[in-house]
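Undergrad:
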Amino acid sequence: MKVTSSIKQNYEFRRVYNAGKSAATGLIVVYCRRGLRGRSRLGLTVGTKVGKAVVRNKVRRRLKEIYRLHEAEMRRGFDVVIVARVKSQVATYQQLEKDFLRLADKLGLREDQP
RNA sequence: CGAGUAAGCCAGACAGCCGCGUGUGCAUGCCGAAAGGCCGUACACGAGGAAAGUCCGGGCUCCAUAGGGCAAGGAUAACGGGUAACGCCCGCCGAAGGCGACUUUAGGACGAGUGCAACAGAAAUAUACCGCUGACGGUUUGCGCCGUCAGUAAGGGUGGAAAGGUGGGGUAAGAGCCCACCGGGCGGCUGGGAACAGUCCGCUCCUGUAAACUCUAUCCGGAGCAACACCGUGGGAGGACACAUAGGUUGGCCCGACCGUCCUCAGGAGGUGGCUUGAGCUUUGCGGCAACGCAAGGCCUAGACAGAUGGCUGUCCAAUACAGAACCCGGCUUACAGACUUGCUCGUGCA
RNA sequence: GCGCCCGUAGCUCAGCAGGAUAGAGCAUUCGCCUCCUAAGCGAAGGGUCGGACGUUCGAAUCGUCUCGGGCGUG
1 MKVTSSIKQN
11 YEFRRVYNAG
21 KSAATGLIVV
31 YCRRGLRGRS
41 RLGLTVGTKV
51 GKAVVRNKVR
61 RRLKEIYRLH
71 EAEMRRGFDV
81 VIVARVKSQV
91 ATYQQLEKDF
101 LRLADKLGLR
111 EDQP
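As numbered in the numbering used here, residues 1 to 114 make up the first sequence, in order.
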């Protein structure tokens, strides 16, 4: 991912949860917060409740892939955290993609579509 | 052909586009005093049979320990072998199941001691309720009946279990009291490397329970890669030096603000190593029933640190299960869609 | 990684050095009481003791394996 690094430290996640805006569907929750200028950052949270290691890996990889494919459309300079909910373990890739795009529009993370 | 049984093996394949981790090479664009880091690009490699549960056994590291033993605590339990070791594996014996191939098996000791055995039953490890028998006494013409004392585990019913079982002799009635056969135990003899087996001989100890305490034999020091080693801002402890209207830092100077200096020790956050070449995999030959061992040749096969395998499309296929390395090995256990191979057994038919 | 605990009625818990009817409180249903309700009183229903296998004459209790849940600690 060219302009996006990842959020790693727990306090950074906490800052986004507390001080950021959020939106949710049944599958995922998206938090966002204005961060460094020109650099976007992505954090993924897939808790133990979602499933076993294989299931969590699959959900995380799908979310990462969704973000990667739509990175070009996103506004820069935001810290974004995507939290997977329990239902996401049975969702298809297409469902996850649809929900993410809807939430991104709602939070104003995407550039205005031409 | 059908039914079964045992063992082994695979764990979707191929192609295209986008994307990820590690290593090597190239390029030198950016940062840096340098070491090096970031970015780009090419190539190679990139999860499992259980990576899982964490139930055992080790390696490795640190701590403790002169060396050894005892106690405590824990584990294991027929015998022989394999192994680095094991509670694992192989072979074999006994027991149980199956027509059979074969499967299952915590399988030492209750003849060292202690405990427990509810309810039922007269009585539960010792016993006389009913019954049977004898003696004495009473009663009766007599048979018999009643009482006291003694003998008796053959019969009754209870129970998981009632002094090993069956038959005969014997006796007042009975009893391993005696005999024959049988079960189990102990000692001897024969066979076997051993467990063990035996139409052999002797003894006569014979309820069950040790996944009850216990006894016997063997084994075990503790903790874990977040171990441990190195670097290590700030702060801490100790020592030496300096003793204060001093000195240092900030600053051109004053005011103001802050502060002892050096050395040693332990070391939070963070970083680097540990980190993958190993009781390794594989081919052939030899030894062994086998587990396995030996020799020669070949191969290098993830190493992350918020943690790499995903998305889309097409073809084949009946369909894709259980599931993600985290210091490393040997096992065990558990989960699992299916595909394939081989040996053997039983039944049926044909020649 | 290491260590520990708990699964029993719809809920909260007893019973766990084996003994055969598995109890208690709350809740549920029915009856009494009351003009009605609550409270009170009386009764009833509801459990394969998380699962499987074993030891034993007999297992909620003992052993092994397993499933689920929770906690401590570096």
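Even glycine gets a Cβ: it sits at the ideal position worked out from N, Cα and C. Source: prediction; values computed, not measured.
Can you list, in chain order, the stretches of the beta strand (DSSP E) that have 3 or more residues and sit fully within the stretch 11-89?
TA: Fully enclosed beta strand (DSSP E) runs of 3 or longer: 21-24, 28-34, 40-46 and 78-84.
Undergrad: Going by alpha carbons, who is nearest to ILE28 out of PHE13, ARG41, VAL50 and GLY20?
TA: On the first sequence, position 28 is the one that residue 28 refers to. Per the Cα distances, VAL50.
Undergrad: Just the Cα atoms here: how many angstroms apart are PHE13 and ILE7?
TA: In the first sequence, counting from the first residue as 1, residue 13 sits at position 13. In the first sequence, counting from the first residue as 1, residue 7 sits at position 7. Approximately 7 angstroms, taken between the alpha carbons.
Undergrad: Check whether the Cβ atoms of LEU42 and TYR67 lie closer than 8 angstroms to each other.
TA: Locating residue 42 in the first sequence gives position 42, where the first residue counts as 1. Locating residue 67 in the first sequence gives position 67, where the first residue counts as 1. Yes, the Cβ-Cβ distance between LEU42 and TYR67 is below 8 angstroms.
Undergrad: Assuming LEU109 contacts ARG75 under a Cβ cut-off of 8 angstroms, what Cβ separation, rounded to an integer in Å, is found between them?
TA: Start at 1 with the first residue of the first sequence, and residue 109 comes out as number 109. Start at 1 with the first residue of the first sequence, and residue 75 comes out as number 75. That belief holds up - the Cβ atoms of LEU109 and ARG75 are roughly 6 angstroms apart, short of 8 angstroms.
Undergrad: Report the partner residues of ARG110 according to the DSSP bridge assignment.
TA: As a working mapping, residue 110 is identified with position 110 in the first sequence. ARG110 is bridged to MET74.
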